[in-house]
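S.K.: Sharing a structure, written as structure tokens. Questions coming.
Chains as they are written, first to last, in the numbering used here: chain A, 39 to 637; chain B, 39 to 637.
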């Protein structure tokens with residue numbers, strides 16, 4: 039059956055051996071108390087919680103789904119108790135601001151706990167994930183008064199936050215929203231309008247729900263420059279902090295979705311609800327965007343978590359599955375009716391694909407988390423800016439590439455089961471359905487790719503890409519003495535050169551024709567992701583080569599084998615992508631729009 | 039919302055313009071009465087039936103699912119009536135043997151009707167698809183007496199056939215089956231054992247169900263050489279052809295699956311059921327395999343059908359979806375709040391990917407159907423053998439490549455919707471779930487790839503591949519005068535050379551190490567499929583260039599644009615595949631089996 043054990047050994051490898059997190063944390067005042075012992079304890083407790091409380095209600099939560107009746111949402115059996123355990127353990131404040139009761143743990147650590155949450159129960163994980171985002175937004179943009187009032191109960195899990203952006207005619211294009219905010223004499227606003235796809239818009243997990251709502255002031259300019267942000271609680275807050283009147287912010291229905299069925303995806307009707315502006319008038323979208331880097335990385339990690347649990351479950355299945363004989367006669371088990379399916383090269387190919395991406399994603403998500411931490415906490419202005427530039431560049435890659443490869447991982451893991459993978463009881467098909475949404479929400483992966491090529495590459499003429507490739511070349515120069523690493527460094531260098539040449543080509547093309555950016559976007563993001571993971575793998579292999587002599591567990595040996603698979607049997611996908619990108623936009627744009635539509 | 043119109047114009051293009059089917063049919067006595075008028079009438083009636091009867095119960099069938107109680111299965115609302123319409127229209131005998139009441143239509147035509155069935159309602163389509171396979175098997179291997187008794191009611195849809203192969207410990211590896219057949223004095227057998235994943239093992243659509251069951255005789259040799267085939271009716275047949283006693287072949291439960299939820303996937307318990315042997319003792323698997331080419335092509339078409347309906351539905355959605363502005367200012371519609379999403383290059387990229395594969399798959403499936411017809415009906419021994427060799431080579435490609443690309447198509451079409459694609463009401467997510475199974479059943483796509491590289495390439499040292507590439511080179515030589523086609527011919531020639539070189543490399547490697555076949559299998563199949571579709575596209579473009587001057591509909595112009603997309607932005611994927619294949623098996627086989635399993 040399905041199984042999940044948090045991959046603590048690999049997490050420790052990434053944190054401590056590849057990125058030497060402790061040294062970094064010790065160097066920054068905000069994180070100097072984050073000791074290795076504390077980190078180990080947090081990850082071990084997180085593993086217990088997710089393995090024992092969340093994973094057991096994952097499959098049942100999918101089958102039971104959220105239920106809607108009379109403006110209320112009932113979450114599946116066990117969700118409320120598990121949420122209590124999460125809240126009581128202080129997990130909702132793990133990365134929160136210590137000034138308001140948060141624990142101030144670095145992102146590089148919280149990404150690993152998020153991986154456990156998504157792996158063990160992706161639908162459940164969204165409730166805390168949205169709350170984290172909402173709390174972060176308030177911490178960045180709200181007044182001290184609002185922070186004092188709202189952040190402690192949100193970190194305690196007594197109140198949970200949501201983000202209310204999308205409307206029926208306004209998804210990717212938020213400039214089209216119609217929700218209105220009318221100023222009142224007391225400084226509050228009356229919010230009127232309908233929002234859709236609001237994760238956790240209504241549920242039975244917490245005593246209050248704090249909606250962060252995009253809306254337009256009466257005199258707002260058209261488009262995205264006329265959007266403001268409002269805090270709209272389900273229950274108004276009395277002066278003593280207790281809950282007061284019910285605010286008319288009601289859930290009208292919930293969606294029936296392909297997956298994440300234990301997550302309530304709500305239609306929210308704001309029917310003259312009282313709200314308070316957060317940040318400046320007409321600057322609401324910018325406020326939303328300051329938290330997007332965090333949320334997008336989190337959604338990327340949804341792809342990783344599901345890829346990880348899919349891998350573990352598929353391997354657990356394959357352990358007991360005997361079918362056919364090994365092609366190599368020496369590897370057969372004549373005492374068994376057939377051989378374990380891992381004797382077959384193609385089953386190994388699938389397993390190694392999944393694993394190479396999972397481990398690559400874990401390293402990459404941690405690397406981006408590390409940059410986020412440095413961009414926030416580093417004492418050196420230059421390092422802070424350097425990290426911020428990398429965060430801007432890498433965030434759309436983290437969101438889209440991890441979720442695309444995470445979805446592929448769940449599909450490939452499902453394939454390993456044969457027909458059992460298609461039957462619900464084994465759990466493999468749920469991972470596919472749950473992973474699929476991560477490619478769509480929080481900005482579709484096509485939008486991430488547009489963000490990458492447009493704002494992060496073209497707008498600065500490749501300056502951010504150069505920061506990244508310079509860092510990689512610095513790393514490579516430092517490796518030069520390591521003989522075993524040499525072929526991989528040579529290959530990585532070729533791929534870097536390819537990425538740089540495609541980047542230059544794209545910038546040049548886009549200067550002539552803005553359609554070239556969109557035409558190249560997704561292929562470029564995939565090329566970028568493959569090369570970035572090549573960098574991650576060479577970094578991991580560097581550590582593994584150095585450590586393998588004293589290796590008794592086989593951990594480093596396996597790391598090197600998975601890395602070799604990545605470099606030899608996955609990274610060459612860049613060859614096709616380069617050719618596809620250079621085919622340009624003309625072939626996409628030539629067809630009349632009418633010729634696309636069916637008769 | 040979801041929409042489906044049978045793509046009659048494109049079907050006619052493939053049949054009449056690309057492959058000149060009428061001339062072929064006229065040349066073979068078995069098909070000489072298949073006139074263009076008859077074909078048009080069949081396809082038009084098929085379109086009406088599938089659009090009006092099957093498509094409207096597709097989404098509701100998914101939601102309602104098959105229901106099991108007390109050994110009986112209830113199909114979703116409307117399935118029984120739709121099945122009656124199908125049966126009364128004679129559609130179950132469309133490709134059947136005319137000696138027993140079938141209509142004897144060529145496979146090249148029936149593949150197009152099958153596409154309509156799968157596109158309009160994939161779960162429903164499996165009931166007739168399995169019956170077709172079972173009837174074909176009986177027609178090929180049963181005695182005249184059995185054929186006279188069973189084929190007419192199966193062609194009429196009064197009785198429906200199943201195929202009972204899989205057992206809990208025996209999926210891919212049928213040598214492990216345990217179901218037993220004990221001979222009786224009257225020449226019949228007593229069948230005892232349990233089968234799983236039996237499509238249509240029980241249902242309420244027909245008055246009888248005819249199971250074709252693999253089982254072992256008491257003295258059978260071990261493994262696949264000891265499997266025999268038995269006919270086991272749900273109700274025994276009286277001498278006058280009426281239904282007699284209930285045979286103890288009972289449905290124990292049905293699976294809860296990711297998709298095709300209107301298709302009953304049954305656990306079948308044969309509890310001393312009476313059966314009759316079909317064909318020779320211990321030759322049951324060979325008998326099953328004579329029909330596999332037909333069934334595997336049919337399942338390939340499931341991928342195509344779902345890709346087609348996914349495309350149409352996504353384009354219908356995008357017609358009304360306005361989000362953001364065109365990057366090219368000249369293409370903006372200032373009178374609208376935003377532009378239709380097809381102004382965005384990346385949305386076009388997704389749409390063209392889907393369409394290029396759908397149209398390529400339609401041509402390829404028809405091409406394989408044409409070879410099947412020639413292998414069966416051609417008067418010339420040499421042509422028959424030539425076609426049979428191509429069928430053997432291309433069938434695993436048709437099954438795996440069409441379903442893999444069909445699944446990709448449903449996922450990419452779903453992505454075009456944004457969040458709506460994840461909500462059940464739009465239908466897009468059902469196509470993804472329904473398409474997923476086609477990569478798994480009827481031999482997983484990994485098994486298809488093993489069949490390709492092992493039996494179809496390595497076993498004859500590339501002789502079948504040479505037959506195929508020689509045919510392509512003959513075609514290319516005939517095109518030499520067409521100037522517009524020249525760049526595509528040059529590219530196709532490069533890709534053929536690549537395929538030939540990789541084939542030679544693989545055969546050489548496999549002579550040293552049998553694991554090389556499995557290591558290369560899936561990448562090789564994908565490389566082969568991409569090149570084969572390149573051939574299809576160049577054939578289609580040849581016709582379209584010749585016809586475009588007199589084109590008033592835009593059909594040929596669009597065909598050339600989609601073809602250009604395929605050649606420029608899809609076919610280059612071969613570059614990465616070649617490199618991946620040549621990485622060899624070592625990297626896959628090096629890791630200890632134990633290192634794959636989670637701790």
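Ideal placement from N, C-alpha and C gives every residue a C-beta, glycine not left out. Since the structure is predicted, the reported quantities are computational estimates derived from the model, not experimental observations.
Would you kindly work out how many angstroms separate the C-alpha atoms of residue 411 of chain A and residue 625 of chain A, rounded to a whole number?
M.R.: Counted from its first residue, the first chain places residue 411 of chain A at position 373. Counted from its first residue, the first chain places residue 625 of chain A at position 587. Those two C-alpha atoms are separated by around 42 Å.
S.K.: Would you report the Cα separation of residue 541 of chain A and residue 605 of chain A, rounded to the nearest angstrom?
M.R.: By 1-based counting over the first chain, the position of residue 541 of chain A is 503. By 1-based counting over the first chain, the position of residue 605 of chain A is 567. Spanning the two alpha carbons is a distance of roughly 21 Å.
S.K.: Name the chain B residues whose beta carbon is nearer than 9 Å to that of residue 293 of chain A?
M.R.: Along the first chain, one-based indexing puts residue 293 of chain A at 255. Near residue 293 of chain A (Cβ distances below 9 Å), the residues of chain B are 457, 460, 461, 462, 463.
S.K.: Confirm, please, whether the CB-CB distance from residue 451 of chain A to residue 392 of chain A is below 8 Å.
M.R.: Position 354 of the first chain, counting from 1, holds the residue named residue 392 of chain A. Position 413 of the first chain, counting from 1, holds the residue named residue 451 of chain A. Their beta carbons are under 8 Å apart, which means residue 392 of chain A touches residue 451 of chain A by this criterion.
S.K.: I want to know whether the stretch 100 to 120 of chain B touches the stretch 289 to 305 of chain B - three or more CB-CB distances under 8 Å.
M.R.: Yes: at least three Cβ pairs fall under 8 Å.
S.K.: Using a Cβ cut-off of 8 Å (strictly closer), state whether residue 478 of chain A contacts chain B.
M.R.: Your numbering for residue 478 of chain A matches position 440 in the first chain. Interface residue, yes.
S.K.: My assumption, with CB atoms under 8 Å, is that residue 87 of chain A sits in contact with residue 124 of chain A. Please give the rounded CB distance.
M.R.: Position 49 of the first chain, counted from the first residue, corresponds to residue 87 of chain A. Position 86 of the first chain, counted from the first residue, corresponds to residue 124 of chain A. That pair is a contact at about 7 Å.
S.K.: Inspect the beta-carbon positions of residue 207 of chain B and residue 264 of chain B and report whether they are closer than 8 Å.
M.R.: The residue you call residue 207 of chain B lines up with position 169 of the second chain. The residue you call residue 264 of chain B lines up with position 226 of the second chain. No. Outside cutoff.
S.K.: Using the C-alpha atoms, what's the distance from residue 46 of chain B back to residue 89 of chain B?
M.R.: Along the second chain, one-based indexing puts residue 89 of chain B at 51. Along the second chain, one-based indexing puts residue 46 of chain B at 8. Cα-Cα distance, rounded: 12 Å.
S.K.: Note down, in chain order, all residues in the stretch 210 to 228 of chain A with a beta-carbon under 9 Å from any beta-carbon belonging to chain B.
M.R.: Cβ contacts with chain B come from 210, 211, 213, 214.
S.K.: Do we get a CB-CB distance below 8 Å when we pair residue 402 of chain B with the residues of chain A?
M.R.: Locating residue 402 of chain B in the second chain gives position 364, where the first residue counts as 1. Judged by the 8 Å Cβ criterion, residue 402 of chain B is not in contact with chain A.
S.K.: Nearest CA to the CA of residue 140 of chain B: which residue from B:186, B:434, B:73?
M.R.: Numbered from 1 along the second chain, position 102 holds the residue referred to as residue 140 of chain B. The shortest Cα separation from residue 140 of chain B among B:186, B:434, B:73 belongs to B:186.
S.K.: Which partner residues does residue 378 of chain B have in the DSSP bridge list?
M.R.: Here residue 378 of chain B is taken as the residue at index 340 of the second chain, counted from 1. Note: residue 378 of chain B sits in a beta bridge opposite B:360.
S.K.: State the Cα-Cα distance for the pair residue 322 of chain B and residue 421 of chain B, rounded to the nearest angstrom.
M.R.: Stepping through the second chain from its first residue, residue 322 of chain B is reached at position 284. Stepping through the second chain from its first residue, residue 421 of chain B is reached at position 383. Going by the C-alpha atoms only, they are around 29 Å apart.
S.K.: By Cβ distance, which residues of its chain are closer than 7 Å to residue 145 of chain B, with the 5 residues on each side in sequence left out?
M.R.: The count along the second chain starts at 1 and reaches residue 145 of chain B at position 107. So the qualifying residues of the chain are 133, 407, 410, 411.
S.K.: Could you name the residues that DSSP lists as bridge partners for residue 271 of chain B?
M.R.: Counting from one through the second chain, the residue named residue 271 of chain B turns up at place 233. B:248.
S.K.: DSSP on residue 306 of chain B, reduced to helix/strand/coil?
M.R.: In the second chain, counting from the first residue as 1, residue 306 of chain B sits at position 268. The answer is strand: DSSP assigns residue 306 of chain B an E or B state.
S.K.: So, using beta-carbon positions, are residue 246 of chain B and residue 268 of chain B closer together than 8 Å?
M.R.: For the purposes of this step, residue 246 of chain B is taken as residue 208 along the second chain, with counting starting at 1. For the purposes of this step, residue 268 of chain B is taken as residue 230 along the second chain, with counting starting at 1. Result no, Cβ atoms of residue 246 of chain B and residue 268 of chain B do not sit closer than 8 Å.
S.K.: Going by other Cβ atoms of all chains shown within 10 Å of its Cβ, with 16 needed for buried, is residue 327 of chain B buried or exposed?
M.R.: Your numbering for residue 327 of chain B matches position 289 in the second chain. It counts as exposed.
S.K.: Closest to residue 380 of chain A by C-alpha separation, out of A:365, A:373, A:307, A:83, would be which residue?
M.R.: Working through the first chain from its first residue, we reach residue 380 of chain A at position 342. When only C-alpha atoms are compared, the closest one is A:365.
S.K.: Between the Cα of residue 137 of chain A and those of A:177, A:161, A:130, A:169, spot the shortest distance and give me the residue it belongs to.
M.R.: Position 99 of the first chain, counted from the first residue, corresponds to residue 137 of chain A. Looking at the Cα atoms, A:177 is the closest of the given residues.
S.K.: Just to confirm, is the Cβ distance from residue 143 of chain B to residue 72 of chain B under 8 Å?
M.R.: Numbered from 1 along the second chain, position 105 holds the residue referred to as residue 143 of chain B. Numbered from 1 along the second chain, position 34 holds the residue referred to as residue 72 of chain B. A contact, by the Cβ cut-off of 8 Å.
S.K.: Check the Cβ-Cβ distances between residue 56 of chain A and every residue of chain B, and say whether any is below 8 Å.
M.R.: As a first step, residue 56 of chain A must be located in the first chain, where it is residue number 18. Chain B, which has no Cβ nearer than 8 Å to the Cβ of residue 56 of chain A, makes this no.
S.K.: Can you tell which of B:241, B:573, B:336, B:357 has its C-alpha closest to the C-alpha of residue 401 of chain B?
M.R.: Working through the second chain from its first residue, we reach residue 401 of chain B at position 363. Of the candidates B:241, B:573, B:336, B:357, the one whose C-alpha sits nearest the C-alpha of residue 401 of chain B is B:573.
S.K.: By alpha-carbon positions, which one of B:530, B:336, B:108, B:131 ends up nearest to residue 196 of chain B?
M.R.: Within the second chain, the letter at position 158 stands for residue 196 of chain B. When each option's Cα is compared against that of residue 196 of chain B, the closest is B:131.
S.K.: Do the stretch 307 to 319 of chain A and the stretch 228 to 240 of chain A touch if we need at least three Cβ pairs shorter than 8 Å?
M.R.: Yes, they touch.
S.K.: Is it right to say residue 387 of chain B is buried, meaning 16 or more other beta carbons lie within 10 angstroms of its own, or is it exposed?
M.R.: For the purposes of this step, residue 387 of chain B is identified with residue 349 of the second chain, where counting begins at 1. When all chains shown are included, residue 387 of chain B counts as buried.
S.K.: Using a C-beta to C-beta distance shorter than 9 Å, which residues of chain B count as neighbours of residue 43 of chain A?
M.R.: Looking up residue 43 of chain A in the first chain gives position 5. Simply 636, 637.
S.K.: Three-state secondary structure (DSSP) at residue 72 of chain A?
M.R.: As a working note, residue 72 of chain A is residue 34 in the first chain. Coil.
S.K.: Along chain B, in chain order, which residues have C-beta atoms closer than 7 Å to that of residue 606 of chain A?
M.R.: For the purposes of this step, residue 606 of chain A is identified with residue 568 of the first chain, where counting begins at 1. The contacting residues are 621, 625.
S.K.: Going by other Cβ atoms of all chains shown within 10 Å of its Cβ, with 16 needed for buried, is residue 216 of chain B buried or exposed?
M.R.: As a first step, residue 216 of chain B must be located in the second chain, where it is residue number 178. It is exposed - the Cβ of residue 216 of chain B has fewer than 16 other Cβ atoms within 10 Å.
S.K.: Using 8 Å as the threshold, is the C-beta distance between residue 570 of chain A and residue 619 of chain A below it?
M.R.: Locating residue 570 of chain A in the first chain gives position 532, where the first residue counts as 1. Locating residue 619 of chain A in the first chain gives position 581, where the first residue counts as 1. Contact: no.
S.K.: Identify, in the order they occur along the chain, each residue of the same chain with its Cβ nearer than 7 Å to the Cβ of residue 285 of chain A, setting aside the five sequence neighbours on each side.
M.R.: For the purposes of this step, residue 285 of chain A is taken as the residue at position 247 of the first chain. If we look at residue 285 of chain A and ignore the five residues flanking it on each side, its Cβ neighbours are 270, 271, 272, 273, 274, 311, 312.
S.K.: Could you confirm whether any beta carbon from chain A is found closer than 8 Å to the beta carbon of residue 365 of chain B?
M.R.: Within the second chain, the letter at position 327 stands for residue 365 of chain B. Yes, residue 365 of chain B lies at the interface with chain A (some Cβ there is under 8 Å from its Cβ).
S.K.: For residue 491 of chain A, report the span of its beta strand (DSSP E) as first-last.
M.R.: Working through the first chain from its first residue, we reach residue 491 of chain A at position 453. Counting along the chain, residue 491 of chain A falls outside any beta strand (DSSP E), and DSSP gives it neither H nor E.
S.K.: With 8 Å as the threshold, decide whether the Cβ of residue 350 of chain A is near any Cβ in chain B.
M.R.: Here residue 350 of chain A is taken as the residue at index 312 of the first chain, counted from 1. For residue 350 of chain A, the answer is yes, since a Cβ of chain B falls inside 8 Å of its Cβ.
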